[in-house]
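Notes follow the structure.
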DNA sequence: CGTAGTTTTGAGATCGGTCAATATTTGTGG
DNA sequence: CCACAAATATTGACCGATCTCAAAACTACG
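Protein chains in written order, with the working numbering: chain A, 537 to 774; chain B, 537 to 774.
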């Protein structure tokens with residue numbers, strides 16, 4: 537089950553036998569969590585970080601008046617809250633979008649790993665920096681793109697990220713309803729609905745009850761002015 | 537000149553004499569750069585990271601059609617692109633907002649430091665994770681807050697960050713014109729102008745030619761529903 | 001098969017954008 | 001110090017993307 541995590545790493549960085557084994561040894565027995573479960577709450581002290589082995593989850597922030605912003609989506613192979621290794625508590629929540637398989641890796645194990653294998657330390661540091669790059673791209677999206685552009689950019693990103701872990705990037709189950717898409721894209725559910733229809737009419741994207749089908753990737757990329765550079769799909773050696 | 541950097545660190549984490557000296561030894565002779573200078577360009581390979589000793593600078597992303605999003609502002613004491621230590625090249629640009637004093641720290645020095653002083657390694661990892669937290673808060677701002685709320689939140693953030701490095705958080709020179717504020721807040725310069733007038737009329741904030749005066753911090757916080765938790769002003773020990 | 005959740009649609013309102021003109025400030029050369 | 005140019009800020013009129021509110025249609029599921 538840890539294979540997706542290794543695939544994701546190896547796509548960007550080489551791993552020695554030794555290093556790969558060290559990672560395998562890091563990950564305890566996984567558990568299953570149903571969809572729409574909150575697995576990390578804002579402010580709680582964390583002694584372990586969650587490695588997502590299968591499924592999708594998201595990070596989100598709530599405001600006192602009920603507004604919600606989903607700040608990032610995680611796919612299989614991602615550490616969902618590796619940043620808690622240094623932050624200790626998070627300023628956001630994390631919830632599953634689909635049924636998930638995940639493993640809790642104690643921070644103490646991570647500390648020992650990164651001290652004994654400094655290159656793996658940099659590799660996991662890279663991983664949190666990559667998350668931040670996605671956060672910045674979402675800032676760009678929220679600040680500068682139209683509703684259709686934001687929607688297009690989101691599905692372009694998911695396409696590349698899923699393809700990287702050798703999953704189908706053309707057709708996938710996101711598990712998000714239109715209200716959740718709205719929370720991720722800074723718009724209302726009503727407008728998500730109308731914009732999805734627009735994209736469907738233009739034969740760019742079909743989204744039906746949480747199932748996404750990318751009909752025209754190039755068209756979506758053009759609409760969003762999407763540049764996958766921020767995903768660091770081909771990383772330099774550490 | 538490195539004092540602000542140390543102040544910033546010590547506000548959150550204790551430092552042994554040894555560790556403090558290691559940090560002092562890390563930082564080469566600073567140089568001065570005038571305002572509005574681009575110091576890092578998207579995609580260029582970086583062998584060093586920039587420690588900002590004095591002044592303000594920002595990270596920004598440009599789109600093919602000319603739209604621009606400023607994704608973060610850095611204050612004195614911040615590493616502006618420590619994430620380049622692992623990413624090697626950045627997907628955004630960095631430019632100075634005011635005249636700046638900065639020092640370029642070679643990645644090789646950083647690598648040696650974090651291997652020899654794992655606790656400092658975690659501390660600098662924390663620092664990039666803190667940047668990411670601010671990126672997430674800006675996502676929230678861009679996605680959920682009104683124009684006035686976004687403006688208010690920006691100045692609340694700057695207030696706390698400047699106060700942390702023992703600078704005046706009530707009155708400071710941002711060096712940004714209204715068009716730049718617009719690029720940071722996902723709005724147009726015209727609307728920034730109108731919203732600034734609104735905040736001035738409400739005796740919340742005065743902004744005149746790059747000089748900010750916070751007239752009513754609590755009022756701004758209420759308007760923005762601002763919660764400084766994401767700034768991790770009181771961090772846990774590493 | 002009833003009920004709750006979700007999606008779809010319509011009508012109208014509004015926040016913020018666009019375009020364009022004017023005013024103000026800053027910088028520069030003489 | 002002045003004259004001018006360039007950048008920046010301000011204001012007005014109008015526009016439109018997106019929101020709000022509300023109802024209806026659809027879907028999933030016990």
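Here a beta-carbon is modelled for each residue, glycine too, at the ideal position from N, C-alpha and C.
Please classify residue i: does DSSP put it in a helix, a strand, or coil?
i	result
residue 630(B)	strand
residue 668(B)	helix
residue 549(A)	coil
residue 731(B)	helix
residue 701(B)	coil
residue 611(A)	coil
residue 686(B)	helix
residue 560(A)	helix
residue 637(B)	strand
residue 749(A)	strand
residue 543(A)	helix
residue 767(A)	helix
residue 573(A)	coil
residue 719(A)	helix
residue 589(A)	strand
residue 681(A)	coil
residue 695(A)	helix
residue 662(B)	helix
residue 737(A)	helix
residue 760(B)	helix
residue 554(B)	helix
Provide the residue(s) that pair with residue i in DSSP beta bridges, ordered along the chain.
i	result
residue 642(A)	584(A)
residue 743(A)	748(A)
residue 709(A)	747(A)
residue 606(A)	596(A)
residue 601(B)	Residue 601(B) pairs with nothing; no bridge assigned.
residue 567(B)	638(B)
residue 625(B)	581(B)
Suppose the cutoff is 6 Å on Cβ atoms and the five residues either side in sequence are ignored; what does the same chain contact list for residue i look like?
i	result
residue 749(A)	707, 742
residue 717(A)	728
residue 577(B)	629
residue 646(A)	621
residue 609(B)	594
residue 705(A)	695, 698, 699
residue 548(B)	771
residue 678(B)	722
residue 540(B)	612, 613, 701
residue 735(A)	741
residue 606(A)	594, 596, 719, 720
Drop a sphere of 10 angstroms on the beta-carbon of residue i, count the other beta-carbons inside from all chains shown, and report buried for 16 or more, exposed for fewer.
i	result
residue 652(B)	exposed
residue 544(B)	buried
residue 622(B)	buried
residue 657(A)	buried
residue 567(A)	exposed
residue 597(B)	buried
residue 565(B)	exposed
residue 722(A)	buried
residue 611(B)	buried
residue 602(A)	exposed
residue 726(A)	exposed
residue 672(B)	buried
residue 619(B)	buried
residue 631(B)	buried
residue 574(B)	exposed
residue 684(A)	buried
residue 675(B)	buried
residue 715(B)	exposed
residue 550(A)	exposed
residue 663(A)	buried
Excluding five sequence neighbours on each side, which residues of the same chain lie with their C-beta closer than 8 Å to the C-beta of residue i?
i	result
residue 655(B)	555, 774
residue 669(B)	766, 767, 768
residue 627(A)	578, 579, 597
residue 666(B)	767, 768
Leaving out the 5 sequence neighbours to the left and right, which residues in its chain are closer than 7 Å to residue i when beta-carbon positions are compared?
i	result
residue 649(B)	558, 562, 656
residue 625(B)	579, 580, 581, 582
residue 711(A)	571, 592, 633, 634, 746
residue 638(A)	566, 567, 569, 586, 587, 588, 589
*Can you give me, in chain order, the residues of the stretch 563–595 of chain B that have a beta carbon less than 9 Å from any beta carbon in chain A?*
Listed by position along the chain: 578, 579, 581, 595.
*Could you list the residues in the stretch 651–680 of chain B with a C-beta less than 7 Å from some C-beta on chain A, going in chain order?*
Of all residues in the stretch 651–680 of chain B, 651, 654, 657, 658, 661, 662, 664, 665, 667, 668, 669, 671, 672, 674, 675, 676, 678, 679, 680 have a Cβ within less than 7 Å of some Cβ in chain A.
*Residues from the stretch 747–762 of chain B in contact with chain A, defined by Cβ distance under 9 Å*: Near chain A, meaning a CB-to-CB distance below 9 Å, the residues of the stretch 747–762 of chain B are 761.
_Proximal residues, the stretch 594–608 of chain B versus chain A, C-beta separation under 8 Å_ = Residues are counted here when their Cβ sits less than 8 Å from a Cβ of chain A; for the stretch 594–608 of chain B these are 595, 597, 599, 600, 601, 603, 604, 605, 607, 608, given in chain order.
*Can you list, in chain order, the residues of the stretch 717–728 of chain A whose Cβ is nearer than 7 Å to any Cβ on chain B?*
Against chain B - using a Cβ distance shorter than 7 Å - the residues of the stretch 717–728 of chain A are 722.
_Please list, in chain order, the residues of the stretch 727–743 of chain B that have any C-beta partner in chain A closer than 9 Å._
The residues in question: there are none.
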